[in-house]
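Taking it in order: structure first as structure tokens, then the write-up.
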Amino acid sequence: MKLNLISTGIILSTLLSFSCSDDEVQINPTEGLTKIAEGVATSANTKVEIWADEDLFVGYNVLYAKLSDATTGDAIDESLVQFTPMMSMVSGMKHSAPVDNPKSEQAIHSLFPGAVNFIMPSGTDIGSWTLKVKVQNQIRNVEDFVELDLNVVTPEKTRMNSFATEDGMKYFVSYHFMVKPKVGVNDFEVMIHTKESMESFPAVPDFTITMEPEMPSMGHGSPNNVSPTHTNNGHYVGKVNFTMTGDWRIHLNLSRGELAKELYFDLDI
Ligand SMILES: [Cu+2]
Numbered sequence: 008m009k010l011n012l013i014s015t016g017i018i019l020s021t022l023l024s025f026s027c028s029d030d031e032v033q034i035n036p037t038e039g040l041t042k043i044a045e046g047v048a049t050s051a052n053t054k055v056e057i058w059a060d061e062d063l064f065v066g067y068n069v070l071y072a073k074l075s076d077a078t079t080g081d082a083i084d085e086s087l088v089q090f091t092p093m094m095s096m097v098s099g100m101k102h103s104a105p106v107d108n109p110k111s112e113q114a115i116h117s118l119f120p121g122a123v124n125f126i127m128p129s130g131t132d133i134g135s136w137t138l139k140v141k142v143q144n145q146i147r148n149v150e151d152f153v154e155l156d157l158n159v160v161t162p163e164k165t166r167m168n169s170f171a172t173e174d175g176m177k178y179f180v181s182y183h184f185m186v187k188p189k190v191g192v193n194d195f196e197v198m199i200h201t202k203e204s205m206e207s208f209p210a211v212p213d214f215t216i217t218m219e220p221e222m223p224s225m226g227h228g229s230p231n232n233v234s235p236t237h238t239n240n241g242h243y244v245g246k247v248n249f250t251m252t253g254d255w256r257i258h259l260n261l262s263r264g265e266l267a268k269e270l271y272f273d274l275d276i
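In our numbering, the protein residues as written are 8 to 276.
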């Protein structure tokens, strides 16, 4: 009996210490991310922070919205979150950019992930970007937004390509790796959007893509690649095999009816 009590005590204290250490090792949702901007949506009493994997660049940027109660600082894990990027050009013209809004009104580890494909850089002689983030206070039943200033730089290597066709259509082609690319087979995404108006940049789902990676400095390619095919919302998913470190070029052959376009992206592995 005594032994039983002791062992129960040991089990209990083990359980307790487990639950304690669980609290201590709570993951920090923004670990490894860069804070881009923050502001308060006053009517919704919601603080909005925007985080990203790196400083914003021309191309497809995954953006993570983090919401908290502006008074208590408590995380808000349920809200509508919508991104509206807008560029005010020095010329006086305004335009938006392709957007993937967060898919769910439920946060994943306290973050609402979405994306913006910035089609131009910020610059004193070019123009400036803002991001309107619409949120919702579900307790007060209020919708509100913040408008945040963003800085978008031109990356060292092009990560977004655009081209116009004879019929005046404009296309924006960007790419994204779900995880930082490395030697081996990598999941790879190509996004294609068009421009309907200054505010509307819809996804284009019906391109056929053939992909061929090459190491230009060594004149070889790689086996076991999978050309990206459309999944949803203008996202084409495939696999690219980098067989060694160094400079790679991903050639993309895009076709859609009569339209055919070749382009490439360079990157360092
Ligand atoms: Cu612009």
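Note that beta-carbon positions come from the ideal geometry of N, C-alpha and C, so glycine has one too.
Source: prediction; values computed, not measured.
Report task. Report the rounded CA-to-CA distance for Glu31 versus Lys177, giving the unit in angstroms. Result -> For this step, residue 31 is matched to residue 24 along the sequence shown. For this step, residue 177 is matched to residue 170 along the sequence shown. For Glu31, the predicted structure reports a pLDDT of 49, less than 50, and the residue's modelled location is therefore unreliable. A value from the coordinates is still provided. Cα to Cα, the separation comes out at about 51 Å.
Query raised in the report: Distance, Cα to Cα, Ile216 vs Lys202?
Result: On the sequence shown, residue 216 is found 209 positions in, with the first residue counted as 1. On the sequence shown, residue 202 is found 195 positions in, with the first residue counted as 1. Straight-line Cα distance between these residues: approximately 20 Å.
Query raised in the report: Roughly how many angstroms separate the alpha carbons of Gln143 and Val88, rounded to a whole number?
Result: Along the sequence shown, one-based indexing puts residue 143 at 136. Along the sequence shown, one-based indexing puts residue 88 at 81. Whole-angstrom Cα-Cα distance: 7 Å.
Query raised in the report: By Cβ distance below 8 Å, which residues in the same chain neighbour Asn108 in space, the five residues on each side in sequence not counted?
Result: Translated into positions along the sequence shown, residue 108 becomes position 101. Within the same chain, and ignoring the five residues on either side of Asn108 in sequence, the residues whose Cβ sits closer than 8 Å to its Cβ are Val88, Gln89, Phe90, Gly121.
Query raised in the report: Who are the Cβ neighbours of Glu154 in its own chain at under 6 Å, not counting the five residues just before and after it?
Result: In the sequence shown, the residue the question calls residue 154 occupies position 147. Same-chain partners within the cutoff: Thr137, Lys139.
**Report entry** ligand 1 heavy atom lying under 6 Å from the CB of Met96
**Finding:** Taking the sequence shown and counting its residues from 1, one reaches residue 96 at position 89. In terms of side-chain proximity, the C-beta atom of Met96 is found nearer than 6 Å to a non-hydrogen atom of ligand 1.
Query raised in the report: If Lys101 and Met205 are in contact, beta carbons under 8 Å, what's the gap, nearest whole angstrom?
Result: For the purposes of this step, residue 101 is taken as the residue at position 94 of the sequence shown. For the purposes of this step, residue 205 is taken as the residue at position 198 of the sequence shown. With a Cβ gap of about 6 Å, Lys101 and Met205 count as contacting.
**Report entry** Closest residue to His258 among Asn232, His237, Pro105 (Cα-Cα distance)
**Finding:** The count along the sequence shown starts at 1 and reaches residue 258 at position 251. Here the closest residue by C-alpha is Asn232.
Query raised in the report: Nearest to Asp282 by alpha carbon, out of Ala171, Ser95, Phe214?
Result: Here the chain comprises residues numbered 8 to 276, so residue 282 is not present and cannot be evaluated.
Query - For Gly134 and Val97, believed in contact at Cβ under 8 Å, the rounded distance - result: For the purposes of this step, residue 97 is identified with residue 90 of the sequence shown, where counting begins at 1. For the purposes of this step, residue 134 is identified with residue 127 of the sequence shown, where counting begins at 1. With a Cβ gap of about 5 Å, Val97 and Gly134 count as contacting.
Query - Cβ pair Ile126, Pro188 closer than 7 Å - result: Taking the sequence shown and counting its residues from 1, one reaches residue 126 at position 119. Taking the sequence shown and counting its residues from 1, one reaches residue 188 at position 181. Result no, Cβ atoms of Ile126 and Pro188 do not sit closer than 7 Å.
**Report entry** Reference Ala77, options Asn68, Gly99, Gly46, Trp58, closest by Cα
**Finding:** Position 70 of the sequence shown holds residue 77. The shortest CA-to-CA distance from Ala77 to any of Asn68, Gly99, Gly46, Trp58 is the one to Gly46.
Query raised in the report: For Thr236, which of Met222, Asn260, Thr161 has the nearest alpha-carbon?
Result: Taking the sequence shown and counting its residues from 1, the one referred to as residue 236 is at position 229. Checking every option, the nearest Cα to that of Thr236 belongs to Asn260.
Query raised in the report: The beta strand (DSSP E) with Leu63 in it runs from where to where?
Result: Counting from one through the sequence shown, the residue named residue 63 turns up at place 56. Where Leu63 is concerned, there is no enclosing beta strand (DSSP E), given that its DSSP letter is neither H nor E.
Requested in this report: Could you tell me the boundaries of the beta strand (DSSP E) in which Arg256 lies?
Outcome: In the sequence shown, residue 256 corresponds to position 249, counting from 1. Its beta strand (DSSP E) spans residues 254-263.
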